[in-house]
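Protein sequence lines, in the order shown, are assigned to chains C and V.
Final position of the first sequence in this note's numbering is 551; the numbers increase by one with none missing.
Final position of the second sequence in this note's numbering is 551; the numbers increase by one with none missing.
The beta-carbon is built from N, C-alpha and C at its ideal position, and this holds for glycine as well.
Note that this is a predicted model, so its numbers are computed, not measured.
Shown next, in structure tokens, is the structure this report addresses.
Protein chains: 2
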Amino acid sequence: MSKKDERPRPEARLPKGLFDISAGEIRATQAMLGTIRTVFESYGFEPLDTPAIEYTDALGKFLPDQDRPNEGVFSFQDDDDQWLSLRYDLTAPLARYVAENYQTLPKPFRRYQSGPVWRNEKPGPGRFRQFTQFDADTVGASSIAADAELCMLAADTLEALGIPRGQYVIKVNSRKVLDGVLESVRLGGGGNAAKRLVVLRAIDKLDRLEIGGVRALLGKGRTDESGDFTKGAELDHSQIESLTHYLSWKASKVGLNSGALDQLTGTFAENETFRGGVAELRALTALTDGANYQDRIRVDPSVVRGLEYYTGPVFEAELLAPIKDERGQPIRLGSVVSGGRYDGLVERFTGEKVPATGVSIGVSRLLFGLQRLGKFQESAAQGPVVVLVLDRDRTADYQKLAQTLRAAGIRAELYLGESGMKAQMKYADRRASPCVVIQGGDERAKGEVTIKDLILGATLTETKDRDEYLKKQAEAQFSVPESDLVNAVRRVLARHKA
Amino acid sequence: MSKKDERPRPEARLPKGLFDISAGEIRATQAMLGTIRTVFESYGFEPLDTPAIEYTDALGKFLPDQDRPNEGVFSFQDDDDQWLSLRYDLTAPLARYVAENYQTLPKPFRRYQSGPVWRNEKPGPGRFRQFTQFDADTVGASSIAADAELCMLAADTLEALGIPRGQYVIKVNSRKVLDGVLESVRLGGGGNAAKRLVVLRAIDKLDRLEIGGVRALLGKGRTDESGDFTKGAELDHSQIESLTHYLSWKASKVGLNSGALDQLTGTFAENETFRGGVAELRALTALTDGANYQDRIRVDPSVVRGLEYYTGPVFEAELLAPIKDERGQPIRLGSVVSGGRYDGLVERFTGEKVPATGVSIGVSRLLFGLQRLGKFQESAAQGPVVVLVLDRDRTADYQKLAQTLRAAGIRAELYLGESGMKAQMKYADRRASPCVVIQGGDERAKGEVTIKDLILGATLTETKDRDEYLKKQAEAQFSVPESDLVNAVRRVLARHKA
Chain C
54 MSKKDERPRP EARLPKGLFD ISAGEIRATQ AMLGTIRTVF ESYGFEPLDT
104 PAIEYTDALG KFLPDQDRPN EGVFSFQDDD DQWLSLRYDL TAPLARYVAE
154 NYQTLPKPFR RYQSGPVWRN EKPGPGRFRQ FTQFDADTVG ASSIAADAEL
204 CMLAADTLEA LGIPRGQYVI KVNSRKVLDG VLESVRLGGG GNAAKRLVVL
254 RAIDKLDRLE IGGVRALLGK GRTDESGDFT KGAELDHSQI ESLTHYLSWK
304 ASKVGLNSGA LDQLTGTFAE NETFRGGVAE LRALTALTDG ANYQDRIRVD
354 PSVVRGLEYY TGPVFEAELL APIKDERGQP IRLGSVVSGG RYDGLVERFT
404 GEKVPATGVS IGVSRLLFGL QRLGKFQESA AQGPVVVLVL DRDRTADYQK
454 LAQTLRAAGI RAELYLGESG MKAQMKYADR RASPCVVIQG GDERAKGEVT
504 IKDLILGATL TETKDRDEYL KKQAEAQFSV PESDLVNAVR RVLARHKA
Chain V
54 MSKKDERPRP EARLPKGLFD ISAGEIRATQ AMLGTIRTVF ESYGFEPLDT
104 PAIEYTDALG KFLPDQDRPN EGVFSFQDDD DQWLSLRYDL TAPLARYVAE
154 NYQTLPKPFR RYQSGPVWRN EKPGPGRFRQ FTQFDADTVG ASSIAADAEL
204 CMLAADTLEA LGIPRGQYVI KVNSRKVLDG VLESVRLGGG GNAAKRLVVL
254 RAIDKLDRLE IGGVRALLGK GRTDESGDFT KGAELDHSQI ESLTHYLSWK
304 ASKVGLNSGA LDQLTGTFAE NETFRGGVAE LRALTALTDG ANYQDRIRVD
354 PSVVRGLEYY TGPVFEAELL APIKDERGQP IRLGSVVSGG RYDGLVERFT
404 GEKVPATGVS IGVSRLLFGL QRLGKFQESA AQGPVVVLVL DRDRTADYQK
454 LAQTLRAAGI RAELYLGESG MKAQMKYADR RASPCVVIQG GDERAKGEVT
504 IKDLILGATL TETKDRDEYL KKQAEAQFSV PESDLVNAVR RVLARHKA
């Protein structure tokens, strides 16, 4: 009934920027997500799931680097012609959920959510069109304690994942500080919106380009290593000097947050927005310093965060240990956790102010960083015991052997292919099988099964001493009565327990 | 910088057929998925994840009830004008993955995958446009033992989830049996494809409509309770009689599978396709009967399975215990696990035969069924201990109390709202908090904290005896030195351990 013969053969391939995930990476990811979940739950956050598809207008357009309409988001029309989109983050759907269910939620409302998000952007190295985020948000709390708590949550999460104190930092800034700085260099107001965006993007690159590169982007522009030219913001000399002064503060590594803030205040103190931002940072760091996080949570004026919806404190976490790629080249991982306050997102729907703040973990980036630091390795799970099929007419008997092992809680499978003994042994190796179970005619006649320990067997060739060789060989392959199958396999598994 | 004021307010709502998932349902689902994963792993299956988006041509069109092109699947165009779709199941992406990676996979290749799929269909009761499937497939095994194993896997999974033997059944049929029956009533060949589809859909409804309803659909058609008329296949009398005879076999409840198959063979035995299908079922049930699954895995000629890609054995699992909805009305849940052999899916890409068979669990439907049977209840997780904020200037101190509890492994949160004592107590109740921690001026002066046991406190009003009341009251609210906070909270939690 299939029409396959009439159609050309499709090519088996994935669209660019989309990837399959292997068993090893799935297991590592699950372990990491489990740890994150435990920390988030310990702070009182509750899980919520929202669907992948939302109305386009409900999600809004808050992505960075999104100059053309419809860019950045996968969108399509419903039967009734309304536009639908795949979520590009977990925050916009949360705002929709809160606006829809506001009356029935406990307030403040603490929720966590983990799941894939989609970005319809040009994929590049480390850029994916589908990736997983793990978010925690507190909605309905205007208190700066909510922001401080999320910074501490981020720190606790990284430590729970095995990053030692001192090997990571949570950097905090405020959108109000940035807005105040921009206002005081005459970049406030609606007419400067485009220029302001260019300036913020330039500041955001301080880590990567250092101050020289950022100055070029604030001025005429910059040619990168590949020869591509990026047009600058074309600020004048005094504007560039002021911004440099603001950013140079970062490099000074002033110890405690409050001392650093004193120094920052002196410079732009005439601007009211700026002063409001500094007061916010003072209140936030008073809480985190007070809880002894001053060595992990630090004010950093270069933190920008690209998403347009932030309105107050913004923060990001960075791993400080040098990270190298597979070829030993150092790589810049970027922030592994990021977040901030977005007091306007629910208001978009309801017209009423609902303060909110949240953090988001970039799951694959964090896992990559952790793995490069030796954590959450993709050690293959122990493979299944493989029951070989020597006589196809006796498949039912072999299946019963596998079933007996499984019933005893042992991971076991029947070989289901068509190949002979040698290929079956190779298959068992590929499956990282600890041992195989064999029952040929001889064994069957005696009511026995033979067990072959593949891990011990693999070491046989290294054994030079003849007596030792014979002893090992006897251990690596032996026969037992069929009724002793489970115990014998358990003995072999016990030999190789990690 | 926001343009929100220029735009009309979006409405906070979800597109039809899409739903948010609550904390309770998420926790129940996670527990259920964990059990399924354990069983699948015990059979040697390995996890794989594929992205939500695939090339439309790679997915193919195999959905049931899909009469118009593009129906059933969410599709959109990429920048390069190629069509992309959201996956509608996990089998089509697996076929793409296997075709793409065939050389490097162990063969046979056993994989499991769990994740959301999307169907762009008219949503109705129990019909969702996003839902989760949990699949296990064996690729590269033509042996009927692979199909038998999946039927046993389905049975083992249901028992691991708490469904007792006898309260579920795995029903098995073969596409070849169905094809043979259709051929022998002169419905074979390309010209009859449309009519064959109507007949298969009618047979698929035997459970719901019983033989009378199916006969109407095989003939002129049928008017349902709502008055809607469904056009029938317009078969002639002898065709309808033959098919009725085939289906009546089901009702006879013939004990063992082999006896039943003997009876079935007699009827259509002249047709070769039919005989091939019966031989398949004989081999399959020989394996499952041999492993003592004859009371759980039964041949059933009415099993059709809608997906177009099946080529051999098809199977589905059904819960037999009567299931009632919230109002006590009995409901027909339908199959909770389904699957079959699809030897042509990988060949679509490569031109080479790669036999494959798999099962798919409908996660929400199964969870719903299990919950109606009293399993995987959404008992709320124990809420966090809530630290109240009596004096906002001392937020840092309160935060430290919460942090101290968390550091001791106790789920705890700081109240982050603006409201007074009474509202905070109400909030703690909403959060299912076992107890709150209070530190007012008096306690602080004495270096103490007060702990209020909300669960014990709630029982106070029921206590009539004065002495008992006073004793209980003292237990429900008491003060301890701040240094004893963790121990005191632990004592309260121990009182209410499930």
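CB-CB under 6 Å to residue i, same chain, minus the five flanking residues each way: which ones, in chain order?
| i | result |
| --- | --- |
| V:D73 | none |
| C:G330 | S227, K229, V230 and G233 |
| V:G215 | K428 |
| V:Q220 | L373 and A374 |
| V:L441 | Y468, Q477, V489 and I491 |
Looking only at DSSP bridge pairs, what is residue i linked to?
| i | result |
| --- | --- |
| V:T410 | V:T191 and V:R394 |
| C:S139 | The amino acid occupying residue 139 of chain C in the given sequence is Leu; Ser does not appear at that position. In DSSP, C:L139 forms a bridge with C:I106. |
| V:K284 | V:G274 |
| C:K224 | C:R351 and C:E369 |
| V:N14 | Any answer about residue 14 of chain V is impossible in this case: the structure gives chain V only from 54 up to 551. |
| V:P383 | V:K377 |
| V:S532 | V:T503 |
| V:A465 | V:V438 |
| V:I89 | None, per the DSSP bridge assignment. |
Could you pull out every residue in the same chain whose Cβ sits closer than 7 Å to the Cβ of residue i, ignoring the five residues on either side in sequence?
| i | result |
| --- | --- |
| C:K69 | P176 |
| C:I508 | P487 and H549 |
| V:G113 | A145 and R401 |
| C:K273 | G285 and E287 |
Please work out which residues of its chain come closer than 8 Å, Cβ to Cβ, to residue i, disregarding the five sequence neighbours upstream and downstream, and give them in chain order.
| i | result |
| --- | --- |
| V:V92 | L206, D209, T210 and A213 |
| V:R275 | L262, G266, A269, F282, T283 and G285 |
| C:V352 | K224, V225, N226, N310, A313, L314, L317, L334 and T338 |
| V:D110 | W136 |
Would you kindly work out how many angstroms separate the C-alpha atoms of residue i and residue j, rounded to a whole number?
| i | j | result |
| --- | --- | --- |
| C:L71 | V:T103 | 9 Å |
| V:R218 | V:D315 | 26 Å |
| C:P159 | V:R497 | 29 Å |
| C:L337 | C:G241 | 26 Å |
| V:D120 | V:R182 | Residue confidence is low: V:D120 scores 46 on pLDDT, short of 50, so the model does not pin down where it sits. Its coordinate-derived value is still stated next. When rounded, the distance between both Cα atoms is 18 Å. |
| C:P437 | V:Y165 | 14 Å |
| V:L538 | V:V502 | 7 Å |
| V:A461 | C:E94 | 14 Å |
| V:A541 | V:V533 | 7 Å |
| C:S167 | V:S279 | 42 Å |
| C:H290 | C:T297 | 10 Å |
| C:P375 | V:D444 | 44 Å |
| C:G494 | C:R483 | 26 Å |
| V:D342 | C:T448 | 13 Å |
| C:D446 | V:L340 | 11 Å |
| V:A76 | V:G359 | 33 Å |
| C:Q526 | C:L513 | 7 Å |
| C:E521 | C:E515 | 11 Å |
| V:F127 | V:V416 | 21 Å |
Whole-angstrom Cβ separation of residue i and residue j, contact assumed at under 8 Å?
| i | j | result |
| --- | --- | --- |
| C:F187 | C:I89 | 5 Å |
| V:G97 | C:E471 | Incorrect: roughly 18 Å between the Cβ atoms, too far for contact. |
| V:F368 | V:G392 | 6 Å |
| V:F193 | V:P408 | Note that residue 193 of chain V is Gly in the sequence shown here, rather than Phe. That belief holds up - the Cβ atoms of V:G193 and V:P408 are roughly 7 Å apart, short of 8 Å. |
| V:E379 | V:A81 | Actually they are not in contact, since the Cβ atoms of V:E379 and V:A81 sit about 16 Å apart, beyond 8 Å. |
| C:S195 | C:E323 | So it is not a contact: roughly 26 Å between Cβ atoms. |
With a threshold of 7 Å, establish whether the CB of residue i neighbours any heavy atom of the ligand PLP.
| i | result |
| --- | --- |
| C:S291 | This structure lacks the ligand PLP; in fact it carries no ligand of any kind. |
What does residue i reach in chain A if we use C-beta pairs closer than 7 Å?
| i | result |
| --- | --- |
| V:T514 | The displayed structure is made up of protein chains C and V, and chain A is not among them. |
task: Residues of the segment 472-484 of chain C with a CB closer than 7 Å to any CB of chain V: list them in chain order, please.
output: Y480, R483 and R484
field: Interfacial residues, the segment 324-354 of chain C to chain V, with Cβ spacing under 8 Å
entry: A339, L340, G343 and A344
query: For the segment 95-113 of chain V, which residues have a beta carbon sitting closer than 8 Å to at least one beta carbon of chain C?
result: S95, Y96, G97, E99, P100, L101, D102, T103, P104, A105, I106, E107, Y108, D110, A111 and G113
query: In the segment 483-512 of chain V, which residues sit with their C-beta less than 8 Å from some C-beta in chain C, listed in chain order?
result: R483 and R484
- request: With 7 Å as the limit, tell me which residues of the segment 372-398 of chain V have their beta carbon closer than that to any beta carbon of chain C; keep them in chain order.
  value: G397
message: If the cut-off is 9 Å on Cβ atoms, which residues from the segment 195-207 of chain C count as contacting chain V, listed in chain order?
response: S195, S196, I197, A198, A199, A201, E202 and M205
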